[in-house]
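Chemist: Take a look at the following structure, please.
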Amino acid sequence: MTGILDITGNRKPITKPSYYGPALHRLIKLRFRAEIELLLGSKTNKNNQAGLSLIALELGNKLKEVGVSSHFNKDPEEEAAYAEWSITTEPSVPAQEDQSLYGLELVSPILIFQEHSTWHEQMDAVLSVLERNFKIEPTDECSTHIHVSPFNGPWTLDQVKKVAKAVLYFEQSVDSLMPEERRLTPNIPSVALNMCAYKMSKRDKDGNDMYTFDYPFRWNFTPLLEDDIGTVEFLQPPQSLSAKDTKRWVTLAASFVQAALLGTDDLDPNHVPGPLCHLKRFLQRGANAADIPDMSILAELFNGKTLLNTTTLVVRELPPHLLAMFDEKGKKKIMQKKLKACDEAEDK
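Numbered according to the numbering used here, the sequence shown spans residues 537 to 884.
Written as structure tokens, this is what we have:
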């Protein structure tokens, strides 16, 4: 049966409402990787004294048993090849050594968003290993990050502008879908409050030189500078405690980017997006373009939700260990290195 798959999972006859904007021949295949932060302990260690390295080793062995390749990367700053799952330490998640709980990050290999069955199987396998064999401690200090990039080459300036425009336009709407602790907080600053997520160098029409801010945002554009391809990173999702959680945030991020790449001319920055149904339709456009078989995983996010008033957004104190980490990491990797290089190029 043909037709458009709506947010409830039902199919409707194909129509061409104006909101759907450009033709789907502009579809751009996307690739992504997921970063899953966890506060993790072993269920099998009888003395409850498993250290970080032993937990990482046990996790790698359990993943191998279900056919998932991985490696333990002790240095989170070390470059990864993204050919297999990476287990690394997560300094933003403090250990609770008295309970043998340690901050780890699981980083997926690069996966193709449109190849749904492949990456769904990966998430199911990895998260089922975690649920069966480990204690996953719920904590607000853990989050899920999704890096997205075009499959066939680096981002163009026009593509990045479209994504940034959609991010700014729907910022309040996306906030409305998030748990309280993942709204307006110091470690997830507002893109709008920082004027914009990025400022392009006028020297380079392809956006190879780019100015960025110290802090990461709900959507982080600084990874565009990190290699030849670069990624746009969705930072806002909370901790993933199940495969369904991870799949939901991947689907949201990639559907959002896909919809933005199809066109943002119908998003008027001088007007607020209005009810959450506008974001629903926007996500539906991207999801249909990517041929997502089941939108119900996103539909649950909208249940009982209404557009938040900006006065209801929560501002929380940033824990000192996070503040120190972001300052040090940001200045080292972005402000000192990247911006200095861009400034020197501008001066020539």
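Just so it is clear, CB atoms sit at the ideal spot from N, CA and C, and this is done for glycine as well. Only a predicted model underlies this, so the values are computations on that prediction, with no experimental measurement involved.
Please work out which residues of its chain come closer than 6 Å, Cβ to Cβ, to G577, disregarding the five sequence neighbours upstream and downstream, and give them in chain order.
Modeler: Within the sequence shown, the letter at position 41 stands for residue 577. Excluding positions up to five away in sequence, the list reads S636, L637 and K671.
Chemist: Quick one: complete alpha helix (DSSP H) runs, 4+ long, within the segment 654-712?
Modeler: You should have 693-705.
Chemist: Quick one: measure Cβ to Cβ for P477 and S709, integer angstroms, because I've assumed they're closer than 8 Å.
Modeler: Because the chain here runs from 537 to 884, residue 477 falls outside it and cannot be looked at.
Chemist: What residue range does the beta strand (DSSP E) around N609 cover?
Modeler: Here the question's residue 609 lines up with position 73 in the sequence shown. From DSSP, the beta strand (DSSP E) with N609 extends over S606 to N609.
Chemist: Taking the straight line between their C-alpha atoms, what separation do you get for V665 and I646?
Modeler: Sequence index remark: in the sequence shown, residue 665 carries index 129 (1-based). Sequence index remark: in the sequence shown, residue 646 carries index 110 (1-based). V665 and I646: Cα-Cα distance of roughly 20 Å.
Chemist: What does a CB cutoff of less than 7 Å around F687 pick up in its chain, not counting 5 residues either side in sequence?
Modeler: To locate residue 687, count along the sequence shown from 1; it is residue 151. Cβ within range, chain order: K565, L566, R567 and I648.
Chemist: Report the three-state DSSP secondary structure of L858 (helix, strand or coil).
Modeler: For this step, residue 858 is matched to residue 322 along the sequence shown. Low local confidence applies: a pLDDT of 42 at L858 is under 50, so the model's placement there is unreliable, with the coordinate-based value given in what follows. Helix, per DSSP.
Chemist: Hey, L642 and A592: beta-carbon distance below 8 Å or not?
Modeler: To locate residue 642, count along the sequence shown from 1; it is residue 106. To locate residue 592, count along the sequence shown from 1; it is residue 56. No.
Chemist: Taking V786 as part of the alpha helix (DSSP H), name the residues at either end of that continuous run.
Modeler: For this step, residue 786 is matched to residue 250 along the sequence shown. Start and end: A779 to L798.
Chemist: Restricting to Cα atoms, I'd like to know which of K598, T624, I833 and R754 is closest to F608.
Modeler: Residue 608 sits at position 72 when you count from the first residue of the sequence shown. It is T624.
Chemist: Taking DSSP as the reference, what is the three-state secondary structure of E651?
Modeler: Numbered from 1 along the sequence shown, position 115 holds the residue referred to as residue 651. E651: coil per DSSP, three-state reduction.
Chemist: From which residue to which residue does the alpha helix (DSSP H) around F770 run?
Modeler: Numbered from 1 along the sequence shown, position 234 holds the residue referred to as residue 770. Where F770 is concerned, there is no enclosing alpha helix (DSSP H), although the beta strand (DSSP E) it sits in stretches over V768 to F770.
Chemist: Looking at C-alpha atoms only, which residue of L815, E626, V684 and P811 is the closest neighbour of N756?
Modeler: Along the sequence shown, read from residue 1 onward, the residue named residue 756 stands at position 220. Checked all of L815, E626, V684 and P811; the closest Cα to N756 is V684.
Chemist: Excluding the five sequence neighbours on either side, which residues of its own chain have a C-beta within less than 8 Å of the C-beta of P759, listed in chain order?
Modeler: Start at 1 with the first residue of the sequence shown, and residue 759 comes out as number 223. Same-chain partners within the cutoff: H683, G766, T767, V768 and E769.
Chemist: Should S776 be labelled buried (16 or more other beta-carbon atoms within 10 Å of its own) or exposed?
Modeler: Indexing the sequence shown from 1 puts residue 776 at position 240. Buried is the call here.
Chemist: Given a cut-off of 8 Å on the beta-carbon distance, is the pair G596 and S589 in contact?
Modeler: Numbered from its first residue, the sequence shown carries residue 596 at position 60. Numbered from its first residue, the sequence shown carries residue 589 at position 53. Against a cut-off of 8 Å, the Cβ pair of S589 and G596 comes out as no contact.
Chemist: State the DSSP-derived secondary structure class of G577, mapped to helix, strand or coil.
Modeler: Position 41 of the sequence shown, counted from the first residue, corresponds to residue 577. It is a strand residue.
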